[in-house]
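Engineer: Questions regarding the structure given below will be posed in turn.
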Amino acid sequence: MGEKTKSDTELLEQFLATRDAALREELILRHVSLVNFVLGRLGVTRGRSAEYDDLESQGLLGLIDAIDHFKPEFGTRLSTYATLKIRSRVLDYLREMDWLSRSARQRVRAVQEAMVTLENQLHRLPTDEELTEYLQIDMETLQQALQDSSHTVVSLDDTMFDVVGEDGASLHEKLKDDKQIDPSEGYEVDDMQKNLIKAIKCLPDREQLVLSLYYYEELTFKEIGKALDISESRVCQIHGRAMMNLKSLLETGEHKRETKNPSPGAFTGVPVQQ
157 MGEKTKSDTE
167 LLEQFLATRD
177 AALREELILR
187 HVSLVNFVLG
197 RLGVTRGRSA
207 EYDDLESQGL
217 LGLIDAIDHF
227 KPEFGTRLST
237 YATLKIRSRV
247 LDYLREMDWL
257 SRSARQRVRA
267 VQEAMVTLEN
277 QLHRLPTDEE
287 LTEYLQIDME
297 TLQQALQDSS
307 HTVVSLDDTM
317 FDVVGEDGAS
327 LHEKLKDDKQ
337 IDPSEGYEVD
347 DMQKNLIKAI
357 KCLPDREQLV
367 LSLYYYEELT
377 FKEIGKALDI
387 SESRVCQIHG
397 RAMMNLKSLL
407 ETGEHKRETK
417 NPSPGAFTGV
427 PVQQ
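If you count the sequence shown from 1, you need to add 156 to reach this note's numbering.
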């Protein structure tokens, strides 16, 4: 009989001790599925993106970089560290490509600004109809902007720090273990987490559900669509609307009100047919 297959932990420990090229290659092969997982979480699927192969290659480079620079003394699992490195590499590539056109980004920004303005006026989240009337656009244009906003490569992490003016730093990067904790930073992060939770609770039920499935259950947009019996593009729109609503709530401070004020006609209940 051949040698018993090493566990991931044993393989990693042996590689870290020897830096053997064969062990490195085996580690890469064992964790390559993380690349497809990260791409799926970013809403990038084979067949829907002409650049999928390029993005997959960038993700693989991120995985290799993670394996080469992994340090177990920081108390992080390799899979967690690799996921962050893959995501960072893919996002950097997407930003360099300028994934969305300038006009698409301008539409997303205009919708976001309109949400903040209307929320300040109405003291609640505006409806789609109110947004189209305010912006003087049709519903199709609004829905496209919402879908585009879900593809501006933002996440709940970015939402938290964008509001307080941090540039390009994710929550994961902010919470990295440097062996010493700055109490003031810890308090700031805790306060932002509490504000984010309050803001999420102010969202319509459907948006809360999509965020929960995406960020907590870690389903892809495609998997969420199947679970809710709606299209993947509709999930993108709901996610994009949720992200815009969160930013608006955090910027206006409406989430600090005691009562939940979901906008009329909000997405609620499951499933909903497109």
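Even glycine gets a Cβ: it sits at the ideal position worked out from N, Cα and C.
#1: What residue from Leu168, Leu250 and Glu269 has the CA that sits closest to Arg180's CA?
#2: Should Phe171 be labelled buried (16 or more other beta-carbon atoms within 10 Å of its own) or exposed?
#3: Using 10 angstroms around the beta-carbon of Gly199, count the other beta-carbons present and answer buried if the total reaches 16, otherwise exposed.
#4: Is the separation between the beta-carbon of Ser387 and that of Gly381 shorter than 7 angstroms?
#5: Does the segment 218 to 225 come within contact of the segment 241 to 248, defined as at least 3 CB pairs closer than 8 angstroms?
#6: Hey, out of Lys403, Val366, Ile394 and Leu365, whose CA is closest to Leu352's CA?
#7: Rank Leu287, Glu229 and Val191 by C-alpha distance to the C-alpha of Val264 and give the top, closest one.
#8: Count the other CB atoms within 10 Å of the CB of Val320; is the residue buried (16 or more) or exposed (fewer)?
#9: What did DSSP end up calling Ile293 once you bin it into helix, strand or coil?
#10: Below 7 angstroms between beta carbons: does that hold for Asn276 and Thr165?
#11: Kindly give me the distance between the Cβ atoms of Asn401 and Leu367, rounded to whole angstroms, as I take these residues to be in contact under 8 angstroms.
#12: Under three-state DSSP, which class holds Asp347?
#13: How big is the Cα-Cα spacing for Tyr237 and Asp284?
#14: Reducing DSSP to helix, strand and coil, say where Ile394 ends up.
#15: For Arg233, report the span of its alpha helix (DSSP H) as first-last.
#16: Report yes if the C-beta distance between Val191 and Glu207 is below 7 angstroms; otherwise report no.
Structural biologist: From the atom records:
#1: Leu168
#2: buried
#3: Classification for Gly199: buried.
#4: Cβ distance < 7 angstroms, so Ser387 and Gly381 count as in contact.
#5: yes
#6: Lys403
#7: Cα-wise, what sits closest to Val264 is Leu287.
#8: Caution is warranted here: a pLDDT of 39 is assigned to Val320, below 50, making its placement in the model unreliable, and the coordinate value is therefore given only provisionally. Result: exposed.
#9: Correct three-state label for Ile293: coil.
#10: Taking the C-beta atoms as reference points, Thr165 is found no nearer than 7 angstroms to Asn276.
#11: Beta-carbon to beta-carbon, Asn401 and Leu367 are separated by about 10 angstroms, too far to satisfy the 8 angstroms threshold.
#12: DSSP places Asp347 in helix when its eight states are reduced to three.
#13: 39 angstroms
#14: helix
#15: Arg233 -> no alpha helix (DSSP H), and no H or E assigned at all.
#16: no
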